[in-house]
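For the numbering used here, count along the sequence shown from 1 and bump the result up by 669.
For every residue, glycine included, the Cβ atom is placed at its ideal position computed from N, Cα and C.
Quick caveat, the model's predicted, so the values are computed rather than measured.
Read the structure below first, then the notes.
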Amino acid sequence: MGDRNKQPVILLKVPSSDDFYGSALRSHNLDPIFITPSHFVFKNLKQLQAKLHEPHKYAGIIFASPRCVQAVNEALGKTPLPSCWRALHNYSLGKNTHSAAWITFQNLPTLGDHAVNANNLCDLIVETFGPKRDLPLLMPCGNGVGQTLRLRLVAQGFRVDACEVYESRSHPDFVNQMRHALKFKRMETIVFFGPSSVRSSLEFFGNYNVSLKDRKLIAVGSGTRKAMEESGIKADGVVNAADVDRLINIIKT
C-alpha cells in the first residue's frame, strides 16, 4: 500500500486516471493513498421525473453538483429534457457541474461555472434572477448536498423545491482499506473531500476507537470544513479543490 520511503497521505476521494492530486503529491515526495469513502444510490427518481415534465411550474433549475445532473438524466431515462427548461433561469455550481449539464442535456445553458461554493452561486442567482420570484426553483440534491444554498436562497425571498434524489453510503471497501492504513501506521495525514467522507470516517473512528490526536486533518472545500466542525473534528487546514499547491504546503508544514 504505497511507497514506504515517502510520507503517506490518505486522500478520501474516488481515484481516477487523470487525478492531478496523485501526480502533484508524488512529485513532492509524498505517497498519496486513495480510499473511496462512499458511493451514491439514487432515489425518488419517479418524483423528480414528474417535476421535470412540468417546467411551467418552475422558474428554473439548479444543479448543485455533477451528481445532480446524473440524477436528472437517470430520472428522464431515454427521454430528453423538455425544451421549455431552456428559456428558464438555470444554474450550476462550478465548472464541472456546468460542463456536465451542457454535455448531458444537449447544450443546456446554465450560469454558475465560475462559482466555487454555495455562497458564490447564491449571490449570482440574486444578481441575475430579477425581482419576480413567484415560481420556485427546482433543485435536485443529495443528503448533505445543497442545504446551504437552499437556506441562503430562501433567506433572499426565493422559493426552492428541493428534491432529494440521491444519498451517499459508506463504500463497501472503506472499512477494510482504513483498517489496513491504520494497522501499518499510514494514517498520520488525512485529507477529507466532501461531507460524505466526513460521515464515513466519523463512523469508522468511533467503531475502531481511533484517536485523532497528533493526526493532521485537512478539509478540501468549505462544505467539508463545516461538516468536520459539526462532527466535532478540528481541521488543521482548509483548501480549495483546485489549490493543490496549498494542500501540499499544509501537509509538509
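| Check | Outcome |
| --- | --- |
| Return the chain-ordered list of same chain residues with a C-beta closer than 6 Å to the C-beta of R802, the five sequence neighbours on each side being excluded. | G826 and F827 |
| At which residue ranges does the region 881-913 contain complete beta strand (DSSP E) runs of 3 or more residues, listed in the order of the chain? | 885-889 and 906-908 |
| Taking the alpha carbon of I859 as the reference point, which residue from L916, T779, F774 and V738 has its own alpha carbon closest? | L916 |
| Count the other CB atoms, across all protein chains shown, that sit within 10 Å of the CB of Y877; report buried if there are 16 or more and exposed otherwise. | exposed |
| Using the rule of at least 16 other Cβ atoms within 10 Å of the residue's Cβ for burial, across every protein chain shown, is K682 buried or exposed? | buried |
| In whole angstroms, give me the CA-to-CA distance for L745 and L721. | 8 Å |
| Please specify which runs of the alpha helix (DSSP H), each continuous and at least 4 residues long, are wholly inside the region 753-821, giving them in chain order. | 764-773 and 787-798 |
| Taking the straight line between their C-alpha atoms, what separation do you get for C791 and G875? | 35 Å |
| Taking the beta strand (DSSP E) that S866 falls in, what are its first and last residues? | Not the beta strand (DSSP E): S866 falls in the alpha helix (DSSP H), residues P864 to N876. |
| Counting only the same chain and skipping the five closest in sequence on each side, list residues whose C-beta sits under 7 Å from that of F689. | V913 |
| Spatial neighbours of V795 within its chain, please: C-beta separation below 8 Å, excluding the five flanking residues on both sides. | Q825 |
| What are the start and end residues of the beta strand (DSSP E) that includes V834? | V829 to S839 |
| In three-state DSSP terms, what is V844? | helix |
| For A617 versus I887, is the C-beta distance shorter than 8 Å? | Residue 617 falls outside the range modelled here, since the chain spans only 670 to 922, and no answer is possible. |
| One question on the structure: do G729 and L757 come within less than 8 Å of each other, judged by their Cβ atoms? | yes |
| Is DSSP giving H708 helix, strand or coil here? | strand |
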